[in-house]
Amino acid sequence: MDTPTVVRPKISAKHVGKIYDTADGPFVAVQDFSLDVAEGEFVCIVGPSGCGKSTFLRMAAGLESISSGSINIEAAPDSDKPANSVVFQEYAVFPWKTVIENVSFGLQMRGISEKERTQVARYWLDRVGLTKFANYYPHQISGGMKQRVSIIRALANDPEVLLMDEPLGALDAQTRVVLQEELLRIWEETRKTVLYITHSLEEAVLLGDRVVLMSAQPGGILDIYHIDLPRPRSFETTTLARFSEYRALIWEKLSAEVTRAMEMQE
Amino acid sequence: MTQQTGVSAFRHDANRRTIVLMGLSVVLTHLILLVSGAWFAFAWPAIGMSFIMLVLICERIGRLVPASQRNLYERSLALGFPTVVLSVWQLGGDLGLINRIWFPPPSEIGKALWSVTVNYDRFSETSLLGRPWLIPSAYQEGGFSGVGTLLSESHLLATVMRVFSGFVLGAIPGIFVGVVMGLNQTVRLMLDTTLSAVYVLPKIAIFPIVMLMFADPFGEGPKIVVVALSVFILMAINTMAGVRQIDPVFLMAGRNYGAGHWQMLRHVILPGAMPVIFAGLRIALGTAMIVVISVEFLRAKQGVGFMTFYYWEVLVPEKMYAGLVVVMAMGILFTATLYWLQKRLMPWRK
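The listed protein sequences derive, respectively, from chains R and C.
In this text, residue positions in the first sequence follow our numbering: the first is 42, and each later residue adds one.
In this text, residue positions in the second sequence follow our numbering: the first is 356, and each later residue adds one.
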């Protein structure tokens, strides 16, 4: 079988633009953003705050309209998986649903039987050590646990791609490290295609196969870095010399961009 | 550590001493006034001062109460205060400090309440409860319709039916319109100002207009509708506010995880707005009671409000007070029902 198979990217963004119509005239949030993400790839997007990285993610999720260009998520023709599931910042876990109801929410919305969705939810709760808390309400558990619930709510939904919008941004430093390791472990086993927004450069280098650096106002791609660090990664990875080199390399450009963005706001 | 416990023990003793001193000063004041024969002349200032001292004493006791007994202490305060007020009222009446004709003491009101409960008023052809003890004989004579006729003489049932029907007829469409207003900007912009204008209008003032809309202006229809209208407006405004305060991230999560319109309503919007909806229901309940009692004052042949006003007009004040007691009891009962419902519908709130 020599016929060349065309490997199509899992996520394909072509010349994406987003213009908001404000009272002061049009505001360009994202401009000419093109990015291909391969199947099973973990891509992190970093950039100064307000650079439109969250806007891009919401457009990819279909939660916000695209002004120009296109974003396509590739799915197998016979697949009944949802195209994407978003992991939002801390408070997107429904306070009025128990932990297990939250985790099985996506399955419930898709009309999957209670028995089956409970089984799936139980599996994921077990994976992150939350079995005991299945019937708790979110206000009864800690921030780190809530974010675990939010992450496995997306994984239980088994989407084509996982879109993560600063998922660990609201957590304290220690909990954050623990969840980064947990995330790496789970990703290692599932190999989902992930688009990951973060404002932490360390996190991006630690997690990503590639780090996309965005420019601010209008948001566009400044540079893309291939992170050639060995997998499986863990907190130990951050002690490697290569890790520091990557961080220093990207930081040089990122800090200049942050400074520029701050000056523009003044 | 030992020093600290020493200090707090010292404070405890100081508090105890102050409590005893304040209690003694109250008793002494009254004794001195009694002995000097000036108690009647200074009774009201003395009672007023005693009340202030009581507050100070309770405050001090509050500092001494250990955390384990806190609940008991709080309950005693909540129930103790009305008990003290009623006792002073009773004593004041018995001692001739209060005019017993216009301000009959609680014992008289209690007797009047008993009397309106067990007696049938021949003139207005009504009774407070509808004489439920006659149900067996009424059933023997006229079957279910006989029981219906018997119970239709009840003031309490008439008022409860008006409040309940008006509440349900107003709350359900009110919540529905509120959800639409919360979600749809066009509808919100169109209705918001109008509703705010109608909201401040005393509903009793539009009662005559509501009467004109009905074939039988003196029947139950207008009374129920005027209650429903006031509940409707309150619920529409509150539900809208409740829907609007839902964090947009929950709406995004609902949509992203594939919820359809009805699923969004059932799983995201209604539970998200529920706390504010219930706050609205509590306010609406109070308003419904005010409206129904005033309508019954104005134009009714029956109802707790009618009874209250009727006994005022025929100058039987203690029965008028009995009517007010029934109104308060209804308020407590309805509020408790709402709390029960809230616990059932919002288990995620402790």
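From the three backbone atoms N, C-alpha and C, an ideal C-beta is built for every residue, glycine too.
Backbone CA spacing between C:Leu544 and C:Gly417 [nearest angstrom]: Taking the first residue of the second sequence as position 1, residue 544 of chain C is located at position 189. Taking the first residue of the second sequence as position 1, residue 417 of chain C is located at position 62. Straight-line Cα distance between these residues: approximately 51 Å.
message: For the structure I just gave you, are there three or more beta carbon pairs, one from the region 194 to 214 of chain R and one from the region 124 to 143 of chain R, closer than 8 Å?
response: yes
query: Considering only C-alpha positions, which residue in the set C:Met377, C:Ala401, C:Leu376, C:Ile374 is nearest to C:Ile387?
result: Residue numbering aside, residue 387 of chain C sits at position 32 when the second sequence is read from its first letter. Residue C:Ala401 is the option with its Cα nearest to C:Ile387.
Option nearest C:Ala643 by Cα separation, candidates C:Gly525, C:Lys674, C:Met607: Within the second sequence, numbered from 1, the residue matching residue 643 of chain C stands at position 288. The shortest C-alpha separation from C:Ala643 is found at C:Gly525.
query: For R:Ser126, which residues in chain C fall below 8 Å Cβ to Cβ?
result: As a first step, residue 126 of chain R is located in the first sequence; it is residue number 85 there, counting from the start. By Cβ distance, chain C contributes Asn611, Tyr612.
task: Determine the closest residue to R:Val69 out of R:Phe174, R:Ile60, R:Leu209, with distance taken between C-alpha atoms.
output: Looking up residue 69 of chain R in the first sequence gives position 28. Checking every option, the nearest Cα to that of R:Val69 belongs to R:Ile60.
message: Below 8 Å on the Cβ atoms is my contact criterion, and I expect R:Thr278 with R:Leu270 to pass it. Report the Cβ-Cβ distance as a whole number of Å.
response: The residue you call residue 278 of chain R lines up with position 237 of the first sequence. The residue you call residue 270 of chain R lines up with position 229 of the first sequence. With a Cβ gap of about 6 Å, R:Thr278 and R:Leu270 count as contacting.
- request: Taking only the alpha-carbon atoms, compute the straight-line gap between C:Val580 and C:Val650 and give it to the nearest angstrom.
  value: Start at 1 with the first residue of the second sequence, and residue 580 of chain C comes out as number 225. Start at 1 with the first residue of the second sequence, and residue 650 of chain C comes out as number 295. Looking at the two C-alpha atoms, the distance is approximately 11 Å.
query: Quick one: what's R:His240 bridged to in DSSP?
result: Position 199 of the first sequence, counted from the first residue, corresponds to residue 240 of chain R. Partner(s): none; R:His240 has no beta bridge.
message: Taking the alpha helix (DSSP H) that R:Lys312 belongs to, which residues open and close that run?
response: In the structure displayed, chain R extends from 42 to 307; residue 312 of chain R sits before or after that span and is not available.
field: chain C residues whose Cβ lies nearer than 7 Å to that of R:Tyr178
entry: Taking the first residue of the first sequence as position 1, residue 178 of chain R is located at position 137. Simply Trp703.
- request: Go ahead and pull the three-state DSSP assignment for R:Asp199.
  value: Within the first sequence, numbered from 1, the residue matching residue 199 of chain R stands at position 158. Coil at R:Asp199, not helix or strand.
- prompt: Under three-state DSSP, which class holds R:Val134?
  reply: If you number the first sequence from 1, residue 134 of chain R lands on position 93. In this structure, R:Val134 counts as coil in the three-state DSSP scheme.
query: Under 8 Å between C-beta atoms, does R:Ala117 make it to chain C?
result: In the first sequence, the residue the question calls residue 117 of chain R occupies position 76. It does not: the Cβ of R:Ala117 has no partner Cβ on chain C nearer than 8 Å.
Residues of the region 145 to 179 of chain R with Cβ closer than 7 Å to any Cβ of chain C, in chain order: Phe146, Gly147, Met150, Arg151, Tyr178
query: Any C-beta of chain R sitting closer than 8 Å to the C-beta of C:Ala467?
result: The count along the second sequence starts at 1 and reaches residue 467 of chain C at position 112. Not one chain R Cβ lies under 8 Å of C:Ala467.
task: Name, please, each residue of chain R whose Cβ falls closer than 7 Å to the Cβ of C:Pro626.
output: As a working mapping, residue 626 of chain C is identified with position 271 in the second sequence. Trp137, listed in chain order.
query: If we count Cβ pairs, one from each stretch, closer than 8 Å, do we get three or more for the region 582 to 601 of chain C versus the region 626 to 640 of chain C?
result: yes
- request: Taking a Cβ distance cut-off of 8 Å, strictly less, list which residues of the region 63 to 89 of chain R are near chain C, in chain order.
  value: none
message: Along the region 94 to 122 of chain R, where does the CB come closer than 7 Å to a CB of chain C? Name the residues.
response: Ala102, Leu104
query: Going along chain R in order, which residues have a C-beta closer than 9 Å to the C-beta of C:Ala608?
result: Residue mapping note: residue 608 of chain C aligns to position 253 of the second sequence, counting from 1. The answer, in chain order, is Val127, Phe129, Ala133, Val134, Phe135, Phe146, Ser191, Arg194.
- prompt: According to DSSP, is R:Lys187 helix, strand or coil?
  reply: Start at 1 with the first residue of the first sequence, and residue 187 of chain R comes out as number 146. Residue state, collapsed to three classes: helix.
query: Under the rule that 16 or more other beta-carbon atoms within 10 Å means buried, what is C:Gln568, buried or exposed?
result: Your numbering for residue 568 of chain C matches position 213 in the second sequence. Residue 568 of chain C is actually Met in this sequence, not Gln. C:Met568 is exposed by the Cβ-count criterion.
- request: Indicate, with yes or no, if the ligand SAM has a heavy atom lying under 7 Å from the CB of C:Leu625.
  value: Questions concerning the ligand SAM fall outside what the structure shown contains, since it holds no ligand whatsoever.
field: C-beta neighbour in chain R for C:Gln540, strict 8 Å
entry: Position 185 of the second sequence holds residue 540 of chain C. Not closer than 8 Å to any Cβ of chain R, the Cβ of C:Gln540 fails to qualify, so no.
query: Taking C-alpha atoms, which residue in C:Gly403, C:Gly392, C:Arg415 lies nearest to C:Arg366?
result: Translated into the one-based positions of the second sequence, residue 366 of chain C becomes position 11. Among C:Gly403, C:Gly392, C:Arg415, the Cα nearest to that of C:Arg366 belongs to C:Arg415.
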